[in-house]
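Quick note on numbering that gives the first Met the number 0: the sequence shown kicks off at 0 and runs consecutively.
Taking it in order: structure first as structure tokens, then the write-up.
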Amino acid sequence: MRRFQTPDREPKRRVKKPKLIVISAPSGTGKTTLCARLLKDLSSMLTLSISSTTRPPRGKEQHGIEYFFLSTQDFEVAIQRGHFAEHARVHDNYYGTSRDAIESNWKQGKSVLLDIDVQGAASLKKAYPDETVRIFIAPPSLEALEQRLRKRGTDPEETIQKRLKNAEKEMSHMKRFDYVIVNDDLERAYRQLRDIVAQEI
Ligand code: 5GP
Numbered sequence: 000m001r002r003f004q005t006p007d008r009e010p011k012r013r014v015k016k017p018k019l020i021v022i023s024a025p026s027g028t029g030k031t032t033l034c035a036r037l038l039k040d041l042s043s044m045l046t047l048s049i050s051s052t053t054r055p056p057r058g059k060e061q062h063g064i065e066y067f068f069l070s071t072q073d074f075e076v077a078i079q080r081g082h083f084a085e086h087a088r089v090h091d092n093y094y095g096t097s098r099d100a101i102e103s104n105w106k107q108g109k110s111v112l113l114d115i116d117v118q119g120a121a122s123l124k125k126a127y128p129d130e131t132v133r134i135f136i137a138p139p140s141l142e143a144l145e146q147r148l149r150k151r152g153t154d155p156e157e158t159i160q161k162r163l164k165n166a167e168k169e170m171s172h173m174k175r176f177d178y179v180i181v182n183d184d185l186e187r188a189y190r191q192l193r194d195i196v197a198q199e200i
């Protein structure tokens with residue numbers, strides 16, 4: 000038997016669910032600077048997801064600030080336990096986003112900013128299709144990227160070569176993104192990013 004339900008007199012107000020703003024970019028494209036600025040400007044609505052990784056800390060990086068630095072064994076146990084909403088192998092190391100990093104922020108009504116690779120972006124789009132907005136930040140050219148990586152001076156030659164190869168691969172996925180920003184001018188790139196994100200959240 001079907002029950003007849005009287006409609007609510009007042010339509011329920013729909014609460015807009017917070018978003019996942021996923022930023023992917025080859026290393027050295029300026030995404031760290033762009034993301035830091037964005038987080039500062041939109042701090043009341045947007046918060047950063049801190050990823051876990053098995054790569055060793057670089058420079059002054061600290062556990063729980065830039066990343067949660069885990070051993071390969073601990074990372075694999077966390078995968079088995081379903082701790083991650085997505086994880087991927089990037090440059091021979093594991094990287095992953097915990098479910099908690101996303102959902103605890105959503106509970107507080109905040110959108111989440113993720114700086115992850117193209118594989119992670121694709122996984123999150125599958126897991127959270129309605130909430131995920133993918134933005135790709137591209138270098139003006141691969142030559143410009145190589146110059147920036149060398150100037151940064153944090154990586155040995157072998158790592159630079161690996162990052163360049165990876166950049167080429169990542170750029171081949173750029174068409175699947177909702178937005179592509181070419182960072183040939185930091186100020187302009189930032190304005191574009193801020194406008195897109197402000198509109199989406
Ligand atoms: P880096 O070692 O330079 O900090 O990061 C290397 C790459 O790993 C970057 O492309 C970065 O976006 C990606 N990455 C960082 N965290 C995550 C994550 O949680 N998941 C995935 N899939 N990639 C990540």
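The beta carbon of each residue, even a glycine, is placed where N, CA and C say it ideally should be.
Unbroken alpha helix (DSSP H) run spanning residue i, endpoints
| i | result |
| --- | --- |
| Phe74 | 71-79 |
| Tyr189 | 185-199 |
| Ala143 | 141-151 |
| Glu169 | 156-170 |
| Ile101 | 98-106 |
Which listed residue (the options) has its alpha carbon closest to that of residue i
| i | options | result |
| --- | --- | --- |
| Arg80 | Ser97, Thr131, Phe68 | Ser97 |
| Trp105 | His90, Lys16, Phe74 | Lys16 |
| Asp57 | Lys161, Asn182, Thr153 | Here the sequence assigns Arg to residue 57, which means Asp is not the residue at that position. For the residues Lys161, Asn182, Thr153, the minimum Cα distance to Arg57 belongs to Thr153. |
| Ser51 | Leu19, Val89, Val196 | Val89 |
| Lys207 | Gly29, Ser48, Gly27, Lys30 | The structure shown does not extend to residue 207, since the chain is modelled only from 0 to 200, so the question has no answer here. |
| Leu45 | Gln107, Glu157, Leu163, Ser171 | Gln107 |
| Phe83 | Asp99, Ala143, Asp73 | Asp99 |
| Ser43 | Leu112, Gly95, Lys164 | Leu112 |
Own chain partners of residue i with C-beta closer than 6 Å, once the 5 adjacent residues on each side are dropped
| i | result |
| --- | --- |
| Ile159 | Leu148 |
| Glu169 | Pro25, Val117 |
| Arg13 | Summary for Arg13: the model assigns pLDDT 48, below 50, so the residue's position carries little reliability, and this model does not support an answer. |
| Lys124 | Thr131 |
| Phe135 | Ser23, Met173, Phe176, Val179 |
| Tyr66 | Ser50, Thr52 |
| Thr71 | Thr53 |
| Arg133 | Val21, Ala120, Phe176, Asp177 |
| Gly27 | Leu144, Arg147, Leu148 |
Limits of the beta strand (DSSP E) - the one that residue i falls within
| i | result |
| --- | --- |
| Glu130 | Run containing Glu130: none; DSSP gives neither H nor E here. |
| Ala87 | 83-89 |
| Ser23 | 19-23 |
7 Å CB neighbourhood of residue i in its chain, flanking five on each side removed
| i | result |
| --- | --- |
| Lys201 | Nothing can be reported for residue 201: it is not among the residues displayed for the chain, which extend from 0 to 200. |
| Glu167 | Leu141 |
ask   = Does the region 124-134 touch the region 57-67, meaning 3 or more C-beta pairs lie closer than 8 Å?
value = No, they do not touch.
At least three beta-carbon pairs within less than 8 Å, the region 27-46 to the region 186-198 = Using a C-beta cut-off of 8 Å, the region 27-46 makes contact with the region 186-198, since at least three inter-stretch Cβ pairs fall below that distance.
At least 3 beta-carbon pairs within less than 8 Å: the region 132-144 vs the region 177-190 = The region 132-144 and the region 177-190 touch, with no fewer than 3 CB-CB distances between them shorter than 8 Å.
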